[in-house]
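In this text, residue positions in the sequence shown follow our numbering: the first is 110, and each later residue adds one. All residues carry an ideal CB built from backbone N, CA and C; glycine is no exception. Source: prediction; values computed, not measured. Working notes, beginning with the structure itself.
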Amino acid sequence: MRIAVGLEYAGDAFEGWQSQPHGRTVQDAVERALGIVAGEPVRTAVAGRTDTGVHAAAQVAHFDTLAHRPETAWVRGANNHLPRGVAIRWAVEVDDSFHARYCACERAYRYLLFNAPVRPAVLAGRTGWFHLPLDEAKMAAAAARLPGERDFSAFRAASCQAKTPMRIMSEASVTRDGNMIVFDFRANGFLHHMVRNLVGALVAVGKGAKPPEWIGELLESRDRSRGAPTFAPDGLYLCGVSYQPHWPLPGEGRIIVRPRLALI
């Protein structure tokens, strides 16, 4: 059987998604819990790997197993063996042609940035922070230059292993709700540190260090060294993965959803 599962997790409780020998990753925790329910070792594949400190409100993974269990057992049973920072929200059986990563059409990320003179305490580790006033209108104007099929080399980490820097971005927006600035990005795929580098560049525009048109110039340069520093992972959330509608996934597993977070 191939089972698809929906996950949410707080990234500040783990050292990224991908399994490591020390076992302190989301994948390690999830596979241990699912293995207990299955009564056999379980290996997962995920829609999008996340770095240390990066959160997920709607991650999708799949695994193969010889065990036959009701779908509720993969959810409630596994959650009984998971630490509080991660939870399985749903599980459905899919056929062998489904792959959480390769069948995904789009992924959506949201970055939450607390913009106030004093750093947040209650939201520590769950939001980014910038102390100087930011002009969200200028940042929105800059972000509007990003959608389309583009070479995102200027926002690509040196360690990125992607075969090509070309990505198709369908959404890039910046909005404000009180002290919280919200950056939303949706694309067919993302390069390593791409969203955090985009946020860093947009903040440079928001604080007045660069004009909005600089984002377009940076894109055209394809030169990461001309960009802004990589922003902290704290406020970054994988908030949705979209698939073709013929897959029997819950609605939130097929369409882009947003983090269930209050904006302060």
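Could you give the uninterrupted runs of the beta strand (DSSP E) lying entirely in the stretch 197-268, keeping only those of 3 residues or more?
215-224, 237-239, 257-260
- Query: Among the residues of its own chain, which have a CB less than 8 angstroms from the CB of L311, if the five just before and after it don't count?
  - Reply: M248, A251, A252, V283, F292, I324
Practice item. Report yes if the CB atom of L300 is closer than 9 angstroms to the CB atom of A196, and no otherwise. Key: no
Exercise. Hey, G237 and L221 are a contact pair by Cβ (cut 8 angstroms); roughly how many whole angstroms apart?
Worked result: 7 angstroms
How long is the line joining the alpha carbons of G120 and T273, rounded to whole angstroms?
27 angstroms
Between the alpha carbons of A337 and E326, how many angstroms are there, rounded? 13 angstroms
- Message: Rounded to whole angstroms, what is the Cα-Cα separation between Y346 and G162?
- Response: 10 angstroms
DSSP three-state assignment for M275, whether helix, strand or coil | strand
Notebook entry, point to check: Buried or exposed: P342, going by 16 or more other Cβ atoms within 10 Å of its Cβ?
Noted result: buried
Margin query: Can you tell me which residues form a DSSP beta bridge with V195?
Written below: Y118
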